[in-house]
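There are 2 protein chains.
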Amino acid sequence: MKIETAVTRLTALAQVHRLAVFRLLVRKGADGMPAGEIAAALKLAPNALSFHLKGLSAAGLITSRQDGRYVIYSPDFKAMNGLLDYLTENCCADGALDAACAPPQNCQDC
Amino acid sequence: MKIETAVTRLTALAQVHRLAVFRLLVRKGADGMPAGEIAAALKLAPNALSFHLKGLSAAGLITSRQDGRYVIYSPDFKAMNGLLDYLTENCCADGALDAACAPPQNCQDC
DNA sequence: TCATTATTTCAATGATTATTGAAATAAATA
DNA sequence: TATTTATTTCAATAATCATTGAAATAATGA
Numbered sequence: 001m002k003i004e005t006a007v008t009r010l011t012a013l014a015q016v017h018r019l020a021v022f023r024l025l026v027r028k029g030a031d032g033m034p035a036g037e038i039a040a041a042l043k044l045a046p047n048a049l050s051f052h053l054k055g056l057s058a059a060g061l062i063t064s065r066q067d068g069r070y071v072i073y074s075p076d077f078k079a080m081n082g083l084l085d086y087l088t089e090n091c092c093a094d095g096a097l098d099a100a101c102a103p104p105q106n107c108q109d110c
Numbered sequence: 001m002k003i004e005t006a007v008t009r010l011t012a013l014a015q016v017h018r019l020a021v022f023r024l025l026v027r028k029g030a031d032g033m034p035a036g037e038i039a040a041a042l043k044l045a046p047n048a049l050s051f052h053l054k055g056l057s058a059a060g061l062i063t064s065r066q067d068g069r070y071v072i073y074s075p076d077f078k079a080m081n082g083l084l085d086y087l088t089e090n091c092c093a094d095g096a097l098d099a100a101c102a103p104p105q106n107c108q109d110c
């Protein structure tokens, strides 16, 4: 992964509302959630939510599909896992090991 | 983890220079690296590096110790792993599983 | 002490970003 | 067609952040 891609994705997640949206979608998994339901769950104004969904989409962290008059948003787990891997890449490769440097128990429910 | 903590850490990582510094320190592991060596490796002005190290420190992602006239910086793996876990927490707990929703091979060298 | 090396702080500038209210687009139903 | 529902776009404002050059602090060695 290019560092610019990682920065783009981290920037998208580095905002309370976008992070809350992303985590909500991660919980939901492949089913996804319509925009209105996300807005209701997080008490966000529709236009504000739209602004933040655009940011997450542009970063490649979520995808959307039209379903009638609803737009359903889902997390992109490949993008997420790619980012997590990038952050821990070559961990301790050039120096001393660290006891806390261990694979986290990510995504344990899947 | 409180969402504000996660946002603070993501914000710290969401900048090319800080992300490069962090990844360099992750490679180095527990040994850490003096500020000047980081600056040389990444071709950053000392004051610019100091600004970014401050950001990473304030977010709790790195720690520092004085060694003579050097200041040695090291990654905080607990903070990093806590953040990674937070991003994948309750993955697919409320909806359909996703084939790509699997633990990444983090930190495989440790 | 004086000079050198390492790192941090400060102030000014320019750029990016979130928020708000209002309006526009798009699909479904009466 | 007209109306309602769902979502997005737009424009203005306010706030935050990175960069630069210069100066300050701190530790070492001559």
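Same order as they appear, the protein sequences are chains U and S.
When the letters of the first sequence are read in order and numbered with UniProt numbering, they come out as residues 1 to 110.
When the letters of the second sequence are read in order and numbered with UniProt numbering, they come out as residues 1 to 110.
Every residue gets a Cβ at the ideal spot worked out from N, C-alpha and C, and that includes glycine.
Computed from a predicted structure; not experimentally measured.
Legend entry - 4 or more residues per run - each alpha helix (DSSP H) lying fully within the UniProt domain "HTH arsR-type" (1-95) of chain S: 3-13, 16-28, 35-42, 46-58 and 77-88
Legend entry - Residue of U:L83, U:A12, U:V7 and U:K2 minimising C-alpha distance to V55 of chain U: Counting from one through the first sequence, the residue named residue 55 of chain U turns up at place 55. Strictly speaking, residue 55 of chain U in this sequence is Gly, with Val absent from that position. The candidate whose alpha carbon is nearest that of G55 of chain U is U:A12.
Inset, instruction - Note down the Cα distance separating E4 of chain S from Q15 of chain U, rounded to an integer number of angstroms. - result: Working through the second sequence from its first residue, we reach residue 4 of chain S at position 4. Working through the first sequence from its first residue, we reach residue 15 of chain U at position 15. Rounded to whole angstroms, E4 of chain S to Q15 of chain U spans 9 Å at the Cα level.
Legend entry - Spatial distance of A93 of chain U from G29 of chain S (CA atoms): In the first sequence, the residue the question calls residue 93 of chain U occupies position 93. In the second sequence, the residue the question calls residue 29 of chain S occupies position 29. So the alpha carbons of these two residues sit roughly 8 Å apart.
Inset, instruction - Measure the C-alpha to C-alpha separation of H17 of chain U and A6 of chain S and round it to an integer number of angstroms. - result: Looking up residue 17 of chain U in the first sequence gives position 17. Looking up residue 6 of chain S in the second sequence gives position 6. Rounded to the nearest angstrom, the two C-alpha atoms are 12 Å apart.
Legend entry - Inter-residue spacing [alpha-carbon to alpha-carbon] between M80 of chain S and K43 of chain U: Walking along the second sequence from the start, residue 80 of chain S turns up at place 80. Walking along the first sequence from the start, residue 43 of chain U turns up at place 43. Cα to Cα, the separation comes out at about 29 Å.
Inset, instruction - Rounded to whole angstroms, what's the CA-CA distance from G95 of chain U to T8 of chain U? Just pull it up for me. - result: On the first sequence, residue 95 of chain U is found 95 positions in, with the first residue counted as 1. On the first sequence, residue 8 of chain U is found 8 positions in, with the first residue counted as 1. Looking at the two C-alpha atoms, the distance is approximately 28 Å.
Legend entry - Neighbourhood of N106 of chain U by C-beta distance below 7 Å, restricted to the same chain and skipping five residues each side: Here residue 106 of chain U corresponds to residue number 106 of the first sequence, with the count starting at 1. Low per-residue confidence applies at N106 of chain U: pLDDT is 38, beneath 50, and the placement is therefore not dependable, though the value from the model is reported in the following sentence. Taken in chain order, the residues that qualify are L84.
Legend entry - Beta-carbon neighbours of K28 of chain S, restricted to chain U and to distances below 7 Å: For the purposes of this step, residue 28 of chain S is taken as the residue at position 28 of the second sequence. Correct list: D94 and G95.
Inset, instruction - Check whether the Cβ atoms of R27 of chain U and N90 of chain S lie closer than 7 Å to each other. - result: In the first sequence, residue 27 of chain U corresponds to position 27, counting from 1. In the second sequence, residue 90 of chain S corresponds to position 90, counting from 1. Yes; because the gap between Cβ atoms is below 7 Å, this pair is in contact.
Legend entry - Local Cβ density within 10 Å of F51 of chain S, reported as buried at 16 or more and exposed below that: Your numbering for residue 51 of chain S matches position 51 in the second sequence. The residue is exposed, with fewer than 16 neighbouring Cβ atoms inside 10 Å.
Legend entry - V21 of chain U: contacting residues in chain S (beta-carbon distance under 9 Å): The residue you call residue 21 of chain U lines up with position 21 of the first sequence. Within 9 Å Cβ-Cβ: nothing; V21 of chain U doesn't reach chain S, min ~11 Å.
Inset, instruction - Please go through the same chain and pick out, in chain order, the residues whose beta-carbon is closer than 6 Å to the beta-carbon of P75 of chain U, but skip the five residues on each side of it. - result: For the purposes of this step, residue 75 of chain U is taken as residue 75 along the first sequence, with counting starting at 1. Here the set comprises L25, V26 and I62.
Legend entry - Residue burial classification, D98 of chain U (beta-carbon count within 10 angstroms, cutoff 16): Indexing the first sequence from 1 puts residue 98 of chain U at position 98. When all chains shown are included, D98 of chain U counts as buried.
Inset, instruction - Starting from the beta carbon of T11 of chain S, find every residue of chain U whose beta carbon is closer than 7 Å, and list them in chain order. - result: Along the second sequence, read from residue 1 onward, the residue named residue 11 of chain S stands at position 11. What T11 of chain S touches in chain U: A14.
Inset, instruction - Could you check if K2 of chain S is buried or exposed, using at least 16 other CB atoms within 10 Å of its CB as the buried criterion? - result: To locate residue 2 of chain S, count along the second sequence from 1; it is residue 2. Burial call: exposed.
Inset, instruction - Please check if any C-beta of chain U sits within less than 7 Å of the C-beta of I3 of chain S. - result: In the second sequence, residue 3 of chain S corresponds to position 3, counting from 1. Chain U contact via Cβ: present.
Inset, instruction - Would you kindly work out how many angstroms separate the C-alpha atoms of M33 of chain U and C101 of chain U, rounded to a whole number? - result: Locating residue 33 of chain U in the first sequence gives position 33, where the first residue counts as 1. Locating residue 101 of chain U in the first sequence gives position 101, where the first residue counts as 1. C-alpha separation (whole angstroms): 35 Å.
Inset, instruction - Would you mind stating whether N49 of chain S and A39 of chain S have Cβ atoms separated by less than 7 Å? - result: Residue mapping note: residue 49 of chain S aligns to position 49 of the second sequence, counting from 1. Residue mapping note: residue 39 of chain S aligns to position 39 of the second sequence, counting from 1. It is Leu, not Asn, that sits at residue 49 of chain S in the sequence shown. A contact, by the Cβ cut-off of 7 Å.
Inset, instruction - Please decide whether D31 of chain U counts as near chain S, where near means a Cβ-Cβ distance under 7 Å. - result: Within the first sequence, residue 31 of chain U is the residue found at index 31, counting from 1. Closer than 7 Å: yes.
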